Structure formats: structure tokens, C-alpha cells
Amino acid sequence: MNWLILYFAFLTHVSGFHYYADASEVKCFTEELSVDVSIVGAYKMTVRDSNTGLYNEVEGSSMKIVVHSVETNHNLVDTTGMNKGTFRFTAAETGMHKICMTPFVSGWGSSKTKIYMDIQYGPNDEDEAEKSDKGVKSAEFQNLKGMTEVIDRLISEIRMHLKSQKEIEEGVRELSEAVNSRTYQFTLIQMIILGLTCVWQLSQLKTFFQTKKLV
Numbered sequence: 081m082n083w084l085i086l087y088f089a090f091l092t093h094v095s096g097f098h099y100y101a102d103a104s105e106v107k108c109f110t111e112e113l114s115v116d117v118s119i120v121g122a123y124k125m126t127v128r129d130s131n132t133g134l135y136n137e138v139e140g141s142s143m144k145i146v147v148h149s150v151e152t153n154h155n156l157v158d159t160t161g162m163n164k165g166t167f168r169f170t171a172a173e174t175g176m177h178k179i180c181m182t183p184f185v186s187g188w189g190s191s192k193t194k195i196y197m198d199i200q201y202g203p204n205d206e207d208e209a210e211k212s213d214k215g216v217k218s219a220e221f222q223n224l225k226g227m228t229e230v231i232d233r234l235i236s237e238i239r240m241h242l243k244s245q246k247e248i249e250e251g252v253r254e255l256s257e258a259v260n261s262r263t264y265q266f267t268l269i270q271m272i273i274l275g276l277t278c279v280w281q282l283s284q285l286k287t288f289f290q291t292k293k294l295v
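Convert by adding 80 to the 1-based position in the sequence shown; the result is the number in our numbering.
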């Protein structure tokens with residue numbers, strides 16, 4: 081197995097390059113990564129046509145991708161994909177990481193391949209998604225809390241309004257009862273006065289008639 085170690089620095093968020101390899105030849109790219117750095121790689125493999133010398137995509141070809149952490153001695157990625165695709169991983173520890181690519185070509189006269197690579201790196205997307213999700217949940221919680229406070233305030237206002245309405249009704253009822261009581265008393269006094277007036281008038285008439293000897 082031939083190992084070609086290429087050191088490349090990720091000076092920007094995206095690094096694009098291409099390289100040549102024979103079929104079944106393993107080529108590795110080594111990079112020192114910090115913990116929780118996320119790598120997303122996109123690749124496309126073309127095969128050289130021995131008649132024209134041009135490189136074309138070939139159906140049935142495949143690419144084996146192995147990402148090995150030197151620090152932990154574990155493979156973060158170990159998969160075989162089509163002639164073009166993507167892969168991703170997140171550095172679990174700070175240290176050297178080795179990305180190894182192995183092209184396979186079946187049923188093709190030439191064994192020369194040309195591989196295009198685009199590497200993008202940055203913070204752990206899952207962590208960012210988790211932080212974003214927490215931010216959304218926090219905003220939703222604050223909205224719910226605000227709505228709850230508004231509802232509580234409305235309930236308090238309704239209770240105060242009902243209490244005030246009840247006090248007003250009680251005041252109106254007491255006033256009505258007082259007015260009715262006074263009206264009853266006034267009517268009773270009027271009836272007594274009217275009765276006394278009638279008795280007095282009858283007494284005066286009797287005296288008048290007696291004086292005039294009409295009775």
C-alpha cells in the first residue's frame with residue numbers, strides 16, 4: 081500500500097483541490113484539528129479514457145473513505161460511496177486526523193483517476209444547531225411566559241371588575257331597600273294623617289249640624 085501524505089492548511093473555510101491516483105491506490109491527507117471542529121468534504125472521481133486521454137465520470141466506480149484519528153486511534157469515518165458524494169465528521173479530540181481516499185474502478189480499461197476535493201470546516205454544526213434550538217426554545221418560553229402574564233393580568237382585571245360590579249349592585253340594592261322603607265313609612269304617615277283629618281272633619285261637621293239644630 082502506497083501512502084502519500086499531503087499536509088494542507090485550512091486558511092479559509094473552504095479548500096478546493098484535485099489530485100491523481102491509480103485505481104485502488106490509497107492517498108491520505110493529514111491535518112491537525114481542534115476538538116469539535118466539523119469537516120464536510122465533497123468529492124468527485126473521474127477516470128482517464130485511454131483512447132482520448134480525457135477524464136470522465138464512470139458509472140459503477142466507487143470511492144472508499146476512511147477518516148482516522150491519530151490521537152484516539154479510532155476511525156471516525158469508514159464508508160464506501162459512489163464516484164461522487166460527500167462525507168462529514170467532527171473531531172472528538174485535538175490532534176492529527178488522517179483522511180484517506182481509495183478509488184475503485186471496475187470494467188474500465190484505464191486505472192488512472194482524477195479526484196476533485198472540496199473541504200469545508202468550521203464549528204460543530206450539531207453544537208450550533210443545539211444552541212440555535214435552545215435559543216428558539218428560550219424565545220418560545222419567553223413568549224409563553226409573556227402570554228401567561230398577560231392572561232393573569234386580564235384575569236385580575238376581570239376579577240376586580242366583577243368585585244366592583246358586585247359592590248355597585250349591593251349599594252343599589254341597599255339604596256333601593258332604603259327608598260322602599262322610607263316610601264312605606266311616608267305612605268303610612270300619610271294614611272294616618274288622612275285618617276285623622278277625616279275624623280276631625282267628621283267631628284267638625286257633626287258639631288256644625290248640632291249647632292244649626294239640623295240633627
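Ideal Cβ positions, reconstructed from N, Cα and C, are used throughout, including at glycine. Nothing here was measured: the structure is a model prediction, and the numbers come from that model.
Would you identify the three-state DSSP class for Asn298, choosing helix, strand or coil?
The structure shown does not extend to residue 298, since the chain is modelled only from 81 to 295, so the question has no answer here.
Less than 8 Å separating the beta-carbons of Val106 and Cys180?
Numbered from 1 along the sequence shown, position 26 holds the residue referred to as residue 106. Numbered from 1 along the sequence shown, position 100 holds the residue referred to as residue 180. A contact, by the Cβ cut-off of 8 Å.
State whether the segment 116-126 contacts the segment 164-184, with contact taken as three or more CB pairs (one from each stretch) at a distance under 8 Å.
yes
Taking only the alpha-carbon atoms, compute the straight-line gap between Tyr100 and Ser141 and give it to the nearest angstrom.
Against the sequence shown, residue 100 aligns to sequence position 20. Against the sequence shown, residue 141 aligns to sequence position 61. If I take the Cα positions, the gap works out to 15 Å.
Short of 7 Å in beta carbon distance, which residues of its chain neighbour Met125, apart from the five on each side in sequence? Order them along the chain.
Within the sequence shown, numbered from 1, the residue matching residue 125 stands at position 45. Closer than 7 Å at the Cβ level, and outside the excluded window around Met125, lie Ser141, Met143, Asn163, Lys164, Pro183, Thr193, Ile195.
Going by Cα to Cα distance, which pick from Val147, Gly133, Gly96 is closest to Glu112?
Along the sequence shown, one-based indexing puts residue 112 at 32. Nearest option by C-alpha distance: Val147.
Does DSSP put Asp116 in a helix, in a strand, or in coil?
For the purposes of this step, residue 116 is taken as residue 36 along the sequence shown, with counting starting at 1. Collapsing the DSSP output to three states places Asp116 in coil.
My output table needs one value for Asn82: the three-state DSSP class, helix, strand or coil.
Taking the sequence shown and counting its residues from 1, the one referred to as residue 82 is at position 2. Note that Asn82 has pLDDT 42, beneath the 50 cutoff, so the model's placement of it is unreliable and the number below is only indicative. If DSSP states are grouped into helix, strand and coil, Asn82 belongs with coil.
To which residues of the same chain is Lys178 closer than 6 Å at the C-beta, ignoring the five residues directly before and after it?
One-based indexing of the sequence shown puts residue 178 at position 98. So the qualifying residues of the chain are Cys108, Thr110, His148.
Using three-state DSSP, classify Val146 as helix, strand or coil.
On the sequence shown, residue 146 is found 66 positions in, with the first residue counted as 1. The answer is strand: DSSP assigns Val146 an E or B state.
How long is the line joining the alpha carbons of Trp280 and Tyr264, rounded to whole angstroms?
Position 200 of the sequence shown, counted from the start, is the residue given in the question as residue 280. Position 184 of the sequence shown, counted from the start, is the residue given in the question as residue 264. For the pair Trp280 and Tyr264, the Cα-to-Cα distance works out to about 24 Å.
Where do the N-terminal and C-terminal ends of the beta strand (DSSP E) with Thr132 fall, by residue?
The residue you call residue 132 lines up with position 52 of the sequence shown. Run containing Thr132: none; DSSP gives neither H nor E here.
Taking only the alpha-carbon atoms, compute the straight-line gap between Val252 and Ala258 and give it to the nearest angstrom.
By 1-based counting over the sequence shown, the position of residue 252 is 172. By 1-based counting over the sequence shown, the position of residue 258 is 178. Distance between the alpha carbons of Val252 and Ala258 is about 10 Å.
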